[in-house]
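Q: My questions all concern the structure below.
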Amino acid sequence: MNLFEYLRPASLDEAIAAARAPGATYLAGGTNLLDLMKIGVQTPRTIIDISRLPGLDRIERLADGATRVGAMVRNADLARDADFAANYPAVAEALLSGASAQLRNAASLGGNLMQQTRCSYFQDPHSACNRREPGSGCAALDGETRNHAVIGWSDQCIATHPSDFCVPLAALGAVVEVAGPGGTRDLPIAQLHMLPDATSPGGTTLAPGEMITGLRLPPEAAAFRDNARYLKLRERTSFAFAVVSVAAMLRMEGDVIAEARLALGGVAAQPWRRAEAEAVLAGAKPGDDAIAAAAEALMAGARPSGDNAHKITLAKRLIQKALHLAAAGTPAVMPALPASVFTSEPAERGEPADV
Amino acid sequence: MSDTLTTPGAHTRMGSNSGQPMTRRDGIAKVTGTATYAADNRPEGLLHAVYAMSSVARGRVTALDVAAALAHPGVVHVMTPENRPPLAQDPDDKPEGSMALRIEALQNSSVRYVGQPIALVVAETLEAATEGARLLAPVYAVEPARIGFDAGEAFEPESTGFGGQPNIDIGDIAAGRAAGTRHLDQTYETPLQYHNAMEPHAIVAQWQDDHLTIDTPNQAIVMARAAFAAFFDIPAENVLLRSPYLGGGFGSKALPIGPQILAILAARELQRPVKLALRRDQMFGPVQHRGATRQRMQLDMDDTGRLTLLDHHTTATTSSFDTFIEGASAASRNTYASPAIATSHSGVRVDTGTPGAVRAPGEASGSAALECAMDEAAELMGLDPLDFRLRNYAETDPQTGKPFSSKALRECYEAGAKAFGWQNRPLAPRQMRDDQGHLVGWGMGTSLFGAHMNKAQARAVLRADGSAMIATAGADMGQGAWTALAQIAADGLGLDIDKIDFRSGESSLPNGGIAGGSGHTATAGSALFAAGEDVIRQLADLATADPASPLFGAGNAGVVARQGRLHRADDESRSESYNEIMAKAGISELEGKGEGARDPGHAESRAMFSHGAVFAEVRVDPDLGQVRVSRLIGAFAAGRIINPHLARSQLLGGMIWGLGFALMEEGIHDKRTGRPVNGDLAGYHVPVNADAPMVEALMIHEDDAFVNPLGVKGVGELGITGTVGAIANAVWHATGVRPRSFPIHMETLIG
Chain A
1 MNLFEYLRPA
11 SLDEAIAAAR
21 APGATYLAGG
31 TNLLDLMKIG
41 VQTPRTIIDI
51 SRLPGLDRIE
61 RLADGATRVG
71 AMVRNADLAR
81 DADFAANYPA
91 VAEALLSGAS
101 AQLRNAASLG
111 GNLMQQTRCS
121 YFQDPHSACN
131 RREPGSGCAA
141 LDGETRNHAV
151 IGWSDQCIAT
161 HPSDFCVPLA
171 ALGAVVEVAG
181 PGGTRDLPIA
191 QLHMLPDATS
201 PGGTTLAPGE
211 MITGLRLPPE
221 AAAFRDNARY
231 LKLRERTSFA
241 FAVVSVAAML
251 RMEGDVIAEA
261 RLALGGVAAQ
271 PWRRAEAEAV
281 LAGAKPGDDA
291 IAAAAEALMA
301 GARPSGDNAH
311 KITLAKRLIQ
321 KALHLAAAGT
331 PAVMPALPAS
341 VFTSEPAERG
351 EPADV
Chain B
1 MSDTLTTPGA
11 HTRMGSNSGQ
21 PMTRRDGIAK
31 VTGTATYAAD
41 NRPEGLLHAV
51 YAMSSVARGR
61 VTALDVAAAL
71 AHPGVVHVMT
81 PENRPPLAQD
91 PDDKPEGSMA
101 LRIEALQNSS
111 VRYVGQPIAL
121 VVAETLEAAT
131 EGARLLAPVY
141 AVEPARIGFD
151 AGEAFEPEST
161 GFGGQPNIDI
171 GDIAAGRAAG
181 TRHLDQTYET
191 PLQYHNAMEP
201 HAIVAQWQDD
211 HLTIDTPNQA
221 IVMARAAFAA
231 FFDIPAENVL
241 LRSPYLGGGF
251 GSKALPIGPQ
261 ILAILAAREL
271 QRPVKLALRR
281 DQMFGPVQHR
291 GATRQRMQLD
301 MDDTGRLTLL
311 DHHTTATTSS
321 FDTFIEGASA
331 ASRNTYASPA
341 IATSHSGVRV
351 DTGTPGAVRA
361 PGEASGSAAL
371 ECAMDEAAEL
381 MGLDPLDFRL
391 RNYAETDPQT
401 GKPFSSKALR
411 ECYEAGAKAF
421 GWQNRPLAPR
431 QMRDDQGHLV
441 GWGMGTSLFG
451 AHMNKAQARA
461 VLRADGSAMI
471 ATAGADMGQG
481 AWTALAQIAA
491 DGLGLDIDKI
501 DFRSGESSLP
511 NGGIAGGSGH
521 TATAGSALFA
531 AGEDVIRQLA
541 DLATADPASP
551 LFGAGNAGVV
561 ARQGRLHRAD
571 DESRSESYNE
581 IMAKAGISEL
591 EGKGEGARDP
601 GHAESRAMFS
611 HGAVFAEVRV
621 DPDLGQVRVS
631 RLIGAFAAGR
641 IINPHLARSQ
651 LLGGMIWGLG
661 FALMEEGIHD
671 KRTGRPVNGD
681 LAGYHVPVNA
691 DAPMVEALMI
701 HEDDAFVNPL
711 GVKGVGELGI
721 TGTVGAIANA
731 VWHATGVRPR
741 SFPIHMETLI
751 G
């Protein structure tokens, strides 16, 4: 690991001032940054530890019905906050389906939003990677691509954003609060993670020295609490990134969908949300046809970036499954296997399946 | 559970010795963090070593920026092929006939796989050494990587594993083929798999003159001591290898590896203790792995569903510079009866590290293909898979025709099937759904693993106070040797376990053999028991020759040792305590020695295997192909069970390993560069608790008078075999799709 300077500023202003140093980076939970430093992918010269800054660890319900969560709130604490989980059950489910219990205890909200892709070529300093080293190329193209993007990618980059948490946040239109050298600003989460294009590999839109200080879920986000699910396909039941994941949320009026929110994880460099797909569902009954049409609309333009065409099929099917489950209602209690398509264990362990 | 090793009825109390489900004696130390693993040692003056890994798969290092590394604060030494001190043994040499692999210890600038050590940086701190290694910025002359079956050079190996016979034909192959009226011909593939023990390989090396002390996890302590000594031209006795605990080994910690040799060299050159611990990303190169296999299974059956030919051909990957072939076809030599059995192996040389023994080497991969093929054959015959296996039950060893030393496989099938509810299984696939609409499938497989033994010695000293020291250089890899071996040792001495001072895990003790081949309890246990018996024999001689003893005249055969007393066998009321006997004889210590090895006569006359039957239930999402193993029940017969608690744990662990084999484990290397693309535990998946909601191991009683006097076979690897096939077969039964490539990915099942 390279030598670096470690700072622990006492205030937000001090932290932002310190971040002007070249090669400076913020440290929160450290669950991603430290790994990347150990493998030589990130080599910061200054580390600014914001984990003990005052005031960043609160979960607040605001007067207008919005909820504000500080950037240093730990993933586990947020998921287990009863009020938060009741109002935003799909967010809680997504959080609990991410990483492992130990990591969730350490990982912060801001860090989750800012985490890097797990593309193995990004994580290998010896491979070409436009994200890590602009202009060097993309070694993932023609490489091992089973888990890479199937939508919104370019030859610059085919990596996906790995977060579970961000997927329902995107669906709910969360607003990211940012502080930086130029003051504070609000950033819709849809504008936080940029897709790659013909000339750029994508990444986050934060300017140098900017820091996420918190996040707001707007007042209307709680309106989906009764019909909300997060589903995640993965290669093992816990501690695995999504092959594909879906946040599906409905605001029902009688048996009609008044409003739908839908976003995908694991398929693109940002949580994938498209207004067209949600529009298909608005005013419809949650039947097979409308749901299938929404899945097609959300995946419009999808194409494999390599050996991953199956992800398109899986995504379309998972969207439909999640919408059907959302229409059936948010589970009364958090499923034993959060976000799993296996919603419950056999009634009695060890008994043959009831067939 | 209360049966014992000595006279029937001697140890029926709960809480002592063999047959009792004792908890781990080292458990508290482990969970409280006081158990000292190799890397926990911090001798005074310690230096830290980190090796630089090659990032190319083939070629030559043409430049290293040694000056930059040396300029980094804290770096004290950089070892490269240019300045590496000579070794007494060429790392490219492989002592003839020994269990050894070629290693990389900076013998030259060539690169043979990604992750190979190409320089060693030694520093005052781990951080400085790590950064020093990064600053070396190697430059390479690169040659194209050869990765995968079709890129590598094919060859016909002279052996499989360590000295196994690659090609064995049994019976008349042509006749067997001609006799079949039904024919199955399918090919199965298994990927590279990395051991990934929880504890990465580590070493702390210290020299004092020409004496070397190494703290390093090792599965074959005394054998390894000699192997290390050979590199440094010192007698084996000059090496003290301490390995009290291992955080898993799975076959990867028996042989010296290059980084360990380099750390020892550095410690000698710098005359300071040196620690080297592999990082997780370094576990995907120089520490062996399970080679990938491609297995062609050809089964011929007659109209009644009896095999007329079982033909198993394996192609396995090995490295460009050494040969270790996963002996998968061997699984077909001893499992099912067939008048003709053809088994053969080919090799493919690829640019990876050399494979080696990985838990159930050969058997794990071979059983996967064999059990899948048997299931496909049963389908072809329209037979229940268990019925089909029973029709081909091997009453004698198919390979040799010898009787089995014991074989309770029929009882395993019966008990497992009953516990599982197998009789209700529909023959056709896609017949069962659960209440959530998931496809449900049931599959099974037969488990088979050789009841191996190696050789071990033990020493026991009975003290005047009636306690005893008993020792062998055994290896506790987490399987519970500190406990099970101590139970046997206590029985041999006729003492309660709290009266013995059991010593193990260090090379100055008598050779405990190898914790491998599932033979450690049988081997080291036999030696310990014999050492105890030797003490008791001497004690009995003293007592029965002493006119003042209540045992006078009883003769050796007429004496039973129990709880620190000798009793007359024909009159248990007449007894004398060990300390009384010793006090009267005026001696303060009695020493006994014992050896553990298989009786050659029995080895010649009997085939010796552990057996089992594994039944799996899977749920599969019909649209998404996500698989969940909802029930896994195995029934196993493995001779006498010394500690049911630990044996169950081993069997469950094996079954869960099989679950990982079936659904998760896969070492993926980029075909262009050879670099691992999932070279960490986030990318290289092994099962977590949530993947195994219901796993049960039933232990079937089995007496075996031939394997060894203890009647112990082995349980460490058995549970893997059978399980992989059982899960794959259950997936077929659920979905109607035959998975023939492992691990089974969801995209295979969605059509």
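So the sequences go chain by chain: A and B. Read in order, the letters of the first sequence are residues 1 to 355 in the UniProt record's numbering. Read in order, the letters of the second sequence are residues 1 to 751 in the UniProt record's numbering. Ideal Cβ positions, reconstructed from N, Cα and C, are used throughout, including at glycine.
Where does GLU589/B land, buried or exposed, given buried means 16+ other C-beta within 10 angstroms?
A: Looking up residue 589/B in the second sequence gives position 589. Exposed: under 16 other Cβ atoms inside 10 Å.
Q: Mind checking LYS407/B: buried by the 16 CB within 10 Å criterion, or exposed?
A: Within the second sequence, numbered from 1, the residue matching residue 407/B stands at position 407. Buried is the call here.
Q: Nearest-angstrom Cα distance between VAL150/A and ARG359/B?
A: Along the first sequence, one-based indexing puts residue 150/A at 150. Along the second sequence, one-based indexing puts residue 359/B at 359. Here the alpha carbon of VAL150/A sits roughly 37 Å from the alpha carbon of ARG359/B.
Q: Say whether the segment 499-517 of chain B touches the segment 675-689 of chain B, bearing in mind that this needs 3 or more beta-carbon pairs closer than 8 Å, one atom from each stretch.
A: no
Q: Taking the beta strand (DSSP E) that TRP207/B falls in, what are its first and last residues?
A: Mapped onto the second sequence, residue 207/B falls at position 207. Taken as a continuous stretch (DSSP letters only), the beta strand (DSSP E) holding TRP207/B covers 202-208.
Q: Could you name the residues of chain A that GLN436/B contacts, counting a contact when the two beta carbons are closer than 7 Å?
A: Locating residue 436/B in the second sequence gives position 436, where the first residue counts as 1. Neighbours of GLN436/B on chain A, chain order: THR343.
Q: On the criterion of 16 or more Cβ atoms from any shown chain inside 10 Å, does PHE228/B qualify as buried, or is it exposed?
A: Position 228 of the second sequence, counting from 1, holds the residue named residue 228/B. Buried.
Q: In chain B, what lies closer than 9 Å to THR31/A by C-beta?
A: Stepping through the first sequence from its first residue, residue 31/A is reached at position 31. Within 9 Å Cβ-Cβ: nothing; THR31/A doesn't reach chain B, min ~11 Å.
Q: Sort TRP442/B, VAL348/B, GLY478/B by Cα distance to VAL618/B and report the nearest one.
A: Here residue 618/B refers to the residue found at position 618 of the second sequence. The shortest C-alpha separation from VAL618/B is found at TRP442/B.
Q: Return the first residue and the last residue of the beta strand (DSSP E) that ALA339/A is part of.
A: In the first sequence, counting from the first residue as 1, residue 339/A sits at position 339. Premise fails: ALA339/A is in no beta strand (DSSP E) and is neither H nor E.
Q: Have a look at VAL461/B, ARG112/B, LEU265/B and flag the residue whose alpha-carbon is nearest the alpha-carbon of THR673/B.
A: Reading the second sequence from its first residue, position 673 is the one you call residue 673/B. Looking at the Cα atoms, ARG112/B is the closest of the given residues.
Q: Enumerate in chain order the residues of its own chain whose CB-to-CB distance from ILE16/A is below 7 Å, with the five nearest sequence positions on each side excluded.
A: By one-based count along the first sequence, residue 16/A stands at place 16. So the qualifying residues of the chain are ALA179, GLY180, PRO181, GLY209, MET211.
Q: For GLN626/B, would you say it is in contact with chain A, using Cβ-to-Cβ distances shorter than 9 Å as the test?
A: Reading the second sequence from its first residue, position 626 is the one you call residue 626/B. GLN626/B counts as touching chain A.
Q: Which runs of the beta strand (DSSP E), 3 residues or longer, sit entirely within the segment 336-421 of chain B?
A: 341-350
Q: Indicate whether at least one CB of chain A lies closer than 9 Å to the CB of LYS671/B.
A: For the purposes of this step, residue 671/B is identified with residue 671 of the second sequence, where counting begins at 1. Judged by the 9 Å Cβ criterion, LYS671/B is in contact with chain A.
Q: Is there a Cβ of chain A sitting closer than 9 Å to that of ASN678/B, yes or no?
A: Start at 1 with the first residue of the second sequence, and residue 678/B comes out as number 678. Taking Cβ atoms only, chain A reaches closer than 9 Å to ASN678/B, which makes this a yes.
Q: Would you check if there are 3 or more beta carbon pairs closer than 8 Å linking the segment 20-40 of chain A to the segment 109-121 of chain A?
A: yes
Q: At a CB-CB cut-off below 7 Å, which residues of chain A make contact with THR130/B?
A: Here residue 130/B refers to the residue found at position 130 when the second sequence is read from its first residue. Per Cβ cutoff of 7 Å: MET1.
Q: Under a CB-based cut-off of 9 Å, is LEU698/B close to chain A?
A: One-based indexing of the second sequence puts residue 698/B at position 698. No, no contact with chain A.
Q: For SER518/B, write down the residues that DSSP places opposite it in a beta bridge.
A: In the second sequence, counting from the first residue as 1, residue 518/B sits at position 518. Beta-bridge pairing links SER518/B to no other residue.
Q: For ARG131/A, which of GLU144/A, THR145/A, SER154/A, ASN147/A has the nearest alpha-carbon?
A: Reading the first sequence from its first residue, position 131 is the one you call residue 131/A. For ARG131/A, the nearest C-alpha among the options comes from SER154/A.
Q: Under the rule that 16 or more other beta-carbon atoms within 10 Å means buried, what is MET198/B, buried or exposed?
A: As a working note, residue 198/B is residue 198 in the second sequence. Exposed, because fewer than 16 other Cβ atoms sit within 10 Å of the Cβ of MET198/B.
Q: Cβ of GLY519/B versus every heavy atom of the ligand NAD: is any distance shorter than 8 Å?
A: As presented, the structure is devoid of all ligands, the ligand NAD included, so that no description of it is given.
Q: Shorter than 9 Å from the beta carbon of ARG317/A to some beta carbon of chain B?
A: If you number the first sequence from 1, residue 317/A lands on position 317. Yes, ARG317/A counts as interfacial toward chain B.
Q: How close, in whole Å, do the beta carbons of ILE581/B and LEU539/B come, if the pair is a contact with beta carbons under 8 Å?
A: On the second sequence, position 581 is the one that residue 581/B refers to. On the second sequence, position 539 is the one that residue 539/B refers to. Contact holds; Cβ gap of about 6 Å.
Q: Between the segment 295-321 of chain A and chain B, which residues of the former have a C-beta closer than 7 Å to a C-beta of the latter?
A: Per Cβ criterion, the list reads HIS310, THR313, LEU314, ARG317, LEU318, LYS321.
Q: Bridge partners for VAL686/B per DSSP, in chain order?
A: As a working mapping, residue 686/B is identified with position 686 in the second sequence. Paired residues: none, contrary to the question.
Q: Considering just the uninterrupted stretch of the beta strand (DSSP E) at residue 758/B, what are its terminal residues?
A: No statement about residue 758/B is possible, as the shown extent of chain B runs from 1 to 751 and does not include it.
Q: Tell me the DSSP bridge mates of ASN579/B?
A: Against the second sequence, residue 579/B aligns to sequence position 579. Looking at the DSSP assignment, ASN579/B forms no beta bridge with any residue, so it has no partner.
Q: Does the Cβ of GLU604/B have 16 or more other Cβ atoms within 10 Å, making it buried, or fewer, making it exposed?
A: If you number the second sequence from 1, residue 604/B lands on position 604. Looking at its Cβ environment, which holds fewer than 16 other Cβ atoms inside 10 Å, GLU604/B is exposed.
Q: If we ignore side chains and look at the alpha-carbon of each, how far apart do LYS94/B and ILE261/B end up?
A: Locating residue 94/B in the second sequence gives position 94, where the first residue counts as 1. Locating residue 261/B in the second sequence gives position 261, where the first residue counts as 1. So the two alpha carbons sit approximately 15 Å from each other.
Q: Against chain A, with Cβ distances strictly below 9 Å, would PRO385/B count as a contact?
A: As a position in the second sequence, residue 385/B is number 385, starting the count at 1. No, PRO385/B lies away from the interface with chain A (no Cβ there is under 9 Å from its Cβ).
Q: Got a sec: is the Cβ-Cβ distance from ARG619/B to anything in chain A below 9 Å?
A: For the purposes of this step, residue 619/B is taken as residue 619 along the second sequence, with counting starting at 1. True, the Cβ-Cβ gap to chain A drops below 9 Å.
Q: On a Cα-Cα basis, can you pick out the residue from PHE165/A, GLY143/A, LEU231/A, CYS166/A that is closest to LYS671/B?
A: Locating residue 671/B in the second sequence gives position 671, counting from the first residue. Of the listed residues, the one whose Cα sits closest to LYS671/B is GLY143/A.
Q: Between GLU595/B, ARG628/B, GLU124/B, which lies nearest to PRO709/B when the distance is taken from Cα to Cα?
A: Working through the second sequence from its first residue, we reach residue 709/B at position 709. Checked all of GLU595/B, ARG628/B, GLU124/B; the closest Cα to PRO709/B is GLU595/B.
Q: Give me whichever residues DSSP pairs with ASP49/A in a beta bridge.
A: Looking up residue 49/A in the first sequence gives position 49. Paired residues: LEU27/A.
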